[in-house]
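Inspection log for the structure reproduced underneath, given as structure tokens.
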Amino acid sequence: MDQVLILCRLLQYGSAILLFGIATFQWVVAPIGLREAFARRLSTIFAAAAIIAILTSAAWLFLLSGKMAGDWADVWTPSTWSAVLADTEFGQVWRYRIVIALLLYGFIIARRPRSWRIEVGLSALFLASLGLVGHAAMFDGMRGWINRASQVLHLLSGGFWLGSLLPLLFCMGALSDKALRTDAGTALKRFSGAGHFAVALVIATGFLNTRLVLDRWPIHFSSPYEMLLAAKIALVLIMICLALVNRYILVPRLASDEGAPKNLRLATLTETIIGIGVIRLVSVFGTLPPQ
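Residues 0 to 290, numbered by numbering that gives the first Met the number 0, are exactly what the sequence shown covers, in order.
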């Protein structure tokens, strides 16, 4: 069951990040022409991610209820679920998360046309609420509030960065379309500007989170938590290097180098795969006690 819980966490984090990334890309980054061109594909992906978010929110509740009760058989016991929802901080947050996920799905299938503004707000709340449970809720008082706030900012900044990579790949494909080329170039420039801020915030909040939770650098590899956290940091640093190569080497060559679009897509795809690895690591070490 522990492996099922880890898979559930992976799908939950992944769907929440994708929801926020797609909505933010469409509302903030994509010019109107590109937004309309991508609307059908991204709306379909967004709706699928919302369904996954709903299902994994429920599954996470059931699985964690069994784990808290000390017997996996309690996964199927309604009284255990209701006790977790009513009497734990996790449950109080989770009640709102399930409602938000349902609202997101409702908006995506009902609104025609859409501006993505409401979806940005709801997906931001859905993603940010993950920063209010787990290790973020370890402490009380001022340290606890700072930890939660830092986790929320870490999730939102990282969510924009990782979640926008899929529509960014679509954007790169549009560079070969004469009708969309100008809008695609504009979107790349906008993402590069916003991406600088997002990456800086990821680094700052990641440093703060590590200090608050561990009170030291994760260098004691005899601890599974610290080993996995160190691996996550290493992967994020690789992603940052790839993002810098994209921004300062490949993007400026788009107009003059025929191979630049292909190289840019390959680098972004690599960044996306590494990002999935980061989410996988978070899904695992989030179930371990910090040591």
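By construction, the Cβ of each residue, glycine as well, lies at the ideal position given by its N, Cα and C atoms. If you're wondering where the values come from, they're calculated on a predicted model, not measured in any experiment.
Assigned secondary structure, residue i (DSSP; H/G/I helix, E/B strand, else coil)
i           : result
residue 288 : coil
residue 215 : coil
residue 132 : coil
residue 177 : coil
residue 137 : coil
residue 115 : coil
residue 77  : helix
residue 359 : Limits of the chain in this structure are 0 at one end and 290 at the other, which puts residue 359 out of reach.
residue 223 : helix
residue 23  : helix
residue 87  : coil
residue 29  : coil
residue 42  : helix
residue 163 : coil
residue 258 : coil
Through-space distance from residue j to residue i, alpha-carbon basis
i           : j           : result
residue 251 : residue 258 : 12 Å
residue 177 : residue 143 : 52 Å
residue 50  : residue 103 : 9 Å
residue 215 : residue 108 : 46 Å
residue 249 : residue 256 : 9 Å
residue 60  : residue 185 : 42 Å
residue 29  : residue 88  : 38 Å
residue 16  : residue 78  : 31 Å
residue 261 : residue 95  : 42 Å
residue 180 : residue 39  : 19 Å
residue 157 : residue 97  : 22 Å
residue 285 : residue 183 : 37 Å
residue 272 : residue 190 : 19 Å
residue 223 : residue 163 : 30 Å
residue 152 : residue 193 : 15 Å
residue 80  : residue 64  : 6 Å
residue 145 : residue 287 : 21 Å
Assumed close pair residue i, residue j - CB separation to whole angstroms, cut-off 8 Å
i           : j           : result
residue 266 : residue 241 : 5 Å
residue 122 : residue 18  : 4 Å
residue 100 : residue 52  : 5 Å
residue 170 : residue 263 : Not quite, the Cβ-Cβ distance comes to about 10 Å (not below 8 Å), so this is no contact.
residue 291 : residue 278 : Here the chain covers residues 0 to 290 and nothing more, so residue 291 does not appear.
residue 7   : residue 58  : 5 Å
Exposed unless 16 or more other CB atoms sit within 10 angstroms - verdict on residue i
i           : result
residue 254 : exposed
residue 220 : exposed
residue 172 : exposed
When the options are compared against residue i, the one with the closest alpha-carbon
i           : options           : result
residue 289 : 274, 34, 213, 270 : 213
residue 93  : 117, 128, 37, 5   : 128
residue 22  : 274, 37, 280      : 37
residue 197 : 237, 67, 161      : 161
residue 90  : 132, 41, 173      : 132
residue 119 : 159, 56, 239      : 159
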